[in-house]
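As structure tokens, the structure follows; a few thoughts come after it.
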Amino acid sequence: MNAILTALIALLLLLPCPARAQSVLRIGLNDDPDALDPTISRAYTGRLVFAALCDKLFDVTPDLKIVPQLAASYEWAADRKSIVIKLRPGVRFQDGEPFNAEAVRFNIERHQNTPGSFRKSEIGEIQSVDVVNDLTVRFNLSQPLVPLLAALTDRAGMMVSPKAARALGDKLGTQPVCAGPYRFVQRVAQGKIVVERVADYWDRASFSIDRIEFVPITDSSSRLASLRSGDLQMIERVSPTDLGEIRADPKVKVVGVPELGYQMIPLNIANGAKSKTLADVRLRQAIDLAIDRETLVKTVFAGEYIAGNQFVSPASPFYDAKVPVGKRDVARAKQLLREAGQPSLTFTLVVPPERDRQEAALILQAMLAEAGITMTIQSQENVTMLQAGRRGDFEAYFTFWSGRPDPDGNVYSFTTCKGAQNDSHYCNADVDALLTKARHVADLGERKKLYDQATEIMQRDVPRLILWHRRVFTGFSAKVQGFTPYPDGIIRFRGLRLN
Amino acid sequence: MALWLYVARRLAVLVPTLFFVSVLIFSLQQLLPGDAAVALAGEEHDPAVVAAIRARYHLDRPIPVQYGLWLGRVLRGDFGESLRNRIPVRELLASKLPVTVELAACSMAIALLIGIPAGIVSAVRKGTSVDVVANLLALSGLSVPHFWLGIMLILLFAVRLGWLPASGYVPPWEDLRQNLTTILLPSFVLGTGVAGVMMRHTRSAMLQTLGADYVRTARAKSVPERLVVLKHALRNALIPIITLGAIEFGRLLSGAVLTEQVFAIPGFGKLLVDGVFNRDYAVVQAVVLVSASLYVLLNLGADVLYFLANPRLRGSA
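Below you can see the structure in the form of structure tokens.
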């Protein structure tokens, strides 16, 4: 008996020590991403996966400064109609192909020429790409456009391997090959997306997690339970209603940062027959004055979101502090209504069947009623509402904008006379001139002055009611170290560790 | 009538049924509010992008033409590709079907293991406290919402006790043990729901057969009670239970939407719901068509079993 025992112990001691266990980070996504091809990707969740797979020419810092990523440096021409970008040397795609100026040209042309590309309009101003030398490219633009750099911090700036793209064609999204720190391993639709660390990545030392699994779990209670049970180590876009539960659990943490976007109600000013109701600026000002944004946010979101009145949040360096979120003034609202000859204004707000906006609409309705304004709430499915918005078949509708790192992306197409998303048909030549000039100026201080002037005009004109900014909450296990939240809600893996 | 003739006749009826189902799915999809091309374009308002999407997926063609194009492809075995992630729908179906079949089979096994013995016991002990308890449990299984029970079980077994994973799915060929641990809770949630129905039906069928003349005769002949119940009564009571089992199994195969959502199981139900929300027409059409086919085939299977179990049908069917 003793001999057997001794033999067993000896055998155990002789067994080879297991190799260091692979570190695996499992992240719960709110939904299943669409195609993993930067050119045709549309869904927000896809960007979380791309952060591991595909590096971009530029990235943003947590305070929204634009910094080179696959680029090494850049220089604008004096007329801002071209930009020369020097590329990082020694970078390879995940299939071993070199990353160089030809690859950049290929990618930009692919974004512009692929049928169904969602990037085409983001970089439509790039007329041509010159290969200056192996590691230098020049983008020639149709008009000066400083915010172009911001577009290159997202999917338009992601570079895929030209060889893989040629081989796979429109199926590249099923097996993406980029130049990021993690390579694509496997995707089970609605099940998981698996990526693993690239051995010869140029900045390998900054990435310590070996393998990342993205798991779409649409049910928020189930996502949270998976985090708390340890099945997941991170979850994105945590709902404010789940914050209490996370904060009460010492095994998990949550951090939030103000989002880039905003929730808004465009008002129909000059788009078709329904624009008559709110065409008078005094009526729009009265509505604006009758709303108490702070109370709205406290009531519906327990103060977790941020009251807002501009196209950037109060946390942004572009926020105009001279026109902060105003105090409610019912008396002044009533006076304006009387002056406009409409003491009992009536209009309809279209709201999609979604909890946050439905609840907020009810509070707004009560606030407006105190100023003598009757706001009828009409529920309508989201896509139908947006289509009606474009046609001008609305007086007011409740929507949101996910936001862009450059302020231009949050305002230009919504408030310039010919803006593609200007459903209100708001048109003010001064605002147009200021916002267009801001596209030509590279200096941040000067740009801010231009945006401030435009903001102040729009505060008077009230083409749309910007009401609040959400916070993007990321939940993670206490084992996760080195996490820095970004306002775009995308998890950066650089420096992230698992204890 | 010979069995093969019976099956052939039933299969012939299958063709118009599936054709009708396909027309119905296609028409219902057109009633979904909102334009698929706009839904796919998301925040992108550029009319050129929307028009390109519409052209790519033939959404600009008249609806009967769209239907014809789709049907033509389906008859050649091509379900098209997902509008959302560009993965061929055939591949999506092939990867989801084993998951759904496993979930349905495990749930059915749990339902049968609980439902039939409980039904028998409560029929044999009718009116006793055992009967009352079995009825109460069956009713709870039927009436407790699946998503609620699912979340409660996750909180207990995954968060509090840490015995089982909270969500997700691991295929059996990757890791059998993990596969069983991930499938256990969702199968239990679905299985208890079906067990309630099975128990109620077994009980009433057993009560009927236990009161029949031939059972009384068997008892009069001093056949042991165990044999009376299991051989004489249960065998005859099983006929309606087979039909019910097939219908329930078909229902499980067409996807358990809420349970799959709660446990993040990538099965048919989740595929269908995501398809509807994303206006992914190709996926929705394929899933509904395949589910409908499975359902019809399972019913046919039940009828064949019924046919075999009940000799009296052979003369009249």
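Chains as they are written, first to last, in our numbering: chain A, 61 to 559; chain B, 8 to 324. For every residue, glycine included, the Cβ atom is placed at its ideal position computed from N, Cα and C.
Residue environment analysis places B/Ser147 among the exposed positions, since fewer than 16 neighbouring C-beta atoms fall within 10 angstroms of its C-beta.
Counting the other CB atoms within 10 Å of its CB gives B/Leu12 a total below 16, which places it among the exposed residues. At a cut-off of 8 Å, the C-beta of A/Pro175 has a neighbouring C-beta in chain B. A/Cys477 is not bridged by DSSP to any residue. Within 10 angstroms of the beta-carbon of A/Asp352 lie 16 or more other beta-carbons, which makes it buried. The bridge partners DSSP lists for A/His529 are A/Ile366. Scanning its chain for C-beta atoms nearer than 7 Å, with the 5 sequence neighbours on each side dropped, one finds around B/Leu78 the residues Ser29, in chain order. Between A/Val258 and chain B, the shortest Cβ-Cβ separation is not below 8 Å.
Scanning A/Tyr486, A/Asp302 and A/Asn328 for the CA closest to the CA of A/Tyr457 turns up A/Asn328. The criterion of a C-beta distance shorter than 8 Å is satisfied by A/Val540 and A/Met294.
The C-alpha of B/Leu312 is placed about 20 Å away from the C-alpha of B/Met206. Out of B/Leu259, B/Leu245, B/Thr199 and B/Ser229, the CA that lies nearest to the CA of B/Arg210 is found in B/Leu245. Under the three-state reduction of DSSP, B/Arg286 is assigned to coil, being neither helix nor strand. Taken atom to atom, the span from the alpha-carbon of A/Glu319 to that of B/Gly203 is near 48 Å. Here A/Pro467 has Val372, Phe378 and Tyr511 as same chain residues with Cβ atoms under 6 Å from its own Cβ, once five neighbours each way along the sequence are excluded.
Taking each of B/Thr224, B/Ser174, B/Trp170 and B/Arg93 in turn and checking the Cα distance to A/Thr278, the smallest one comes out for B/Ser174. Taken in chain order, the whole alpha helix (DSSP H) runs of length 4 or more contained in the segment 97 to 174 of chain B are 136 to 150 and 153 to 160. Ranked by Cα distance from A/Ser484, the first of A/Gly290, A/Gly316 and A/Arg451 is A/Arg451. Taking every protein chain shown into account, the CB of B/Ser129 has 16 or more other CB atoms within 10 angstroms, so this residue is buried. Fully enclosed alpha helix (DSSP H) runs of no fewer than 4 residues occupy 220 to 227 and 241 to 260 of the segment 194 to 260 of chain B, in order along the chain.
Around the beta carbon of B/Ala271, 16 or more other beta carbons lie within 10 angstroms, which makes this residue buried. Under the three-state reduction of DSSP, A/Ile186 is assigned to strand. By DSSP's assignment, A/Glu399 forms no beta bridge with any residue. Scanning the segment 241 to 322 of chain A for uninterrupted alpha helix (DSSP H) segments of 4 residues or longer gives 280 to 289 and 303 to 307, listed from N- to C-terminal end.
In the DSSP assignment, A/Pro222 falls within the unbroken alpha helix (DSSP H) covering Pro222 to Leu228. Contact of B/Ala289 with chain A is not assigned, every C-beta pair being separated by 8 Å or more.
Shown here, A/Ser462 sits in coil according to DSSP, grouped into three states, outside any helix or strand. Listed in chain order, the non-local C-beta contacts of B/Phe33 below 6 Å within the same chain comprise Tyr74, local neighbours out to five positions each way being set aside. Rounded to the nearest angstrom, the gap between the Cα atoms of A/Thr476 and A/Pro175 is 28 Å.
When Cβ-Cβ separations below 8 Å define contact, A/Asp279 makes contact with chain B. Only Phe178, Lys180 and Ser181 from the segment 178 to 192 of chain A bring a Cβ to less than 8 Å from some Cβ of chain B. For the pair A/Pro236 and A/Leu117, the CB atoms are not nearer than the 8 Å cut-off. Per DSSP, B/Thr24 lies in no beta strand (DSSP E); the unbroken alpha helix (DSSP H) holding it starts and ends at Leu10 to Leu38.
A straight line joining the alpha-carbon of B/Ile158 with that of B/Asp287 spans about 28 Å.
Boundaries of the beta strand (DSSP E) around A/Trp136: Ala131 to Trp136. Of the candidates A/Phe166, A/Thr408 and A/Gly217, the residue whose Cα lies closest to the Cα of A/Glu182 is A/Gly217.
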